[in-house]
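Enquirer: Per full-length UniProt numbering, the sequence shown starts with residue 1, numbered consecutively. Virtual Cβ for every residue (Gly too), placed ideally from N, Cα, C.
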Amino acid sequence: MQVKSRHHLRSDAVSDLEETLSDQLGVSLDGDAYERVEFEETDWEVILVDGEPQVAYFDDEPFLTVRGANAYEPERRLVTVDAGAISFVSDGADVMRPGITEATDDVEPDDLVVIAEESHGKILAIGRARVDGSEMVGDEGKVVDSVHHVGDELYEFAG
């Protein structure tokens, strides 16, 4: 991915970002340097926290990247999948009900969510919920659209 521009965030922008992620996910970003990176051929914008791509904007909404979610371990907007779903989710597949073991009750349709595997809690992907968290576990249907996953261009980007 070709970088178009990069610049440091002002302290008020950092405060807004930290507050948003705290409200959404229950995480406290902890960095000394925050830098916004824009790319040539994609709409992605990434925030480097101390040089690591830990936050990205998905449809103008800031949210943790897979790397950021693994670093900060979110408590909210969390969807957990079983071992059978790991390879599919890691390859960018949307998440189907049968693969979900649990989801937090704070998830609402159109929310960005963090998708973790159940045995070690590792984050595999970021997705957009189609249904409430209370309706995610079940026998059939697609319930989360994948927007970013392990191994995609955003994941491979190194500040």
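Using the Cβ count rule (16 or more neighbours within 10 Å means buried), how would you classify Gln-2?
Expert: Here the question's residue 2 lines up with position 2 in the sequence shown. With fewer than 16 other Cβ atoms within 10 Å, it is exposed.
Enquirer: Buried or exposed, going by whether 16 or more other CB atoms sit within 10 Å of the CB of Ala-33?
Expert: As a first step, residue 33 is located in the sequence shown; it is residue number 33 there, counting from the start. Ala-33 comes out exposed.
Enquirer: Go ahead and pull the three-state DSSP assignment for Arg-128.
Expert: The residue labelled residue 128 in the question sits at position 128 within the sequence shown. In the structure shown, Arg-128 sits in a strand (DSSP, three-state: E or B).
Enquirer: What number of angstroms, rounded off, separates the C-alpha of Gly-4 from the C-alpha of Leu-29?
Expert: Position 4 of the sequence shown, counted from the start, is the residue given in the question as residue 4. Position 29 of the sequence shown, counted from the start, is the residue given in the question as residue 29. A quick correction: the sequence has Lys, not Gly, at residue 4. Each residue's Cα considered, the two are about 25 angstroms apart.
Enquirer: Please report the distance separating the alpha-carbon of Asp-105 from that of Met-96.
Expert: If you number the sequence shown from 1, residue 105 lands on position 105. If you number the sequence shown from 1, residue 96 lands on position 96. One C-alpha to the other measures close to 17 angstroms.
Enquirer: Are Val-49 and Gly-31 close, meaning C-beta to C-beta below 7 angstroms?
Expert: Along the sequence shown, one-based indexing puts residue 49 at 49. Along the sequence shown, one-based indexing puts residue 31 at 31. Result yes, Cβ atoms of Val-49 and Gly-31 sit closer than 7 angstroms.
Enquirer: Hey, Pro-98 and Asp-132 are a contact pair by Cβ (cut 8 angstroms); roughly how many whole angstroms apart?
Expert: The residue labelled residue 98 in the question sits at position 98 within the sequence shown. The residue labelled residue 132 in the question sits at position 132 within the sequence shown. Rounded, the Cβ-Cβ distance is 18 angstroms, inconsistent with contact.
Enquirer: If you pair each beta-carbon of the region 117-124 with each one of the region 60-78, do three or more pairs fall below 8 angstroms?
Expert: Yes, the region 117-124 is in contact with the region 60-78.
Enquirer: In this structure, how does DSSP classify Val-81 when only helix, strand and coil are distinguished?
Expert: Numbered from its first residue, the sequence shown carries residue 81 at position 81. Note: Val-81 maps to strand in three-state DSSP.
Enquirer: On a CA-only basis, which of Ala-69, Gly-84, Val-137 and Glu-118 is nearest Leu-112? Give me that one, please.
Expert: As a working note, residue 112 is residue 112 in the sequence shown. When only C-alpha atoms are compared, the closest one is Ala-69.
Enquirer: For the alpha helix (DSSP H) containing Val-89, list its first residue and its last residue.
Expert: For this step, residue 89 is matched to residue 89 along the sequence shown. Segment 86-90, the alpha helix (DSSP H) holding Val-89.
Enquirer: Give the straight-line distance between the Cα atoms of Gly-51 and Ala-85, rounded to the nearest whole angstrom.
Expert: Locating residue 51 in the sequence shown gives position 51, where the first residue counts as 1. Locating residue 85 in the sequence shown gives position 85, where the first residue counts as 1. One C-alpha to the other measures close to 31 angstroms.
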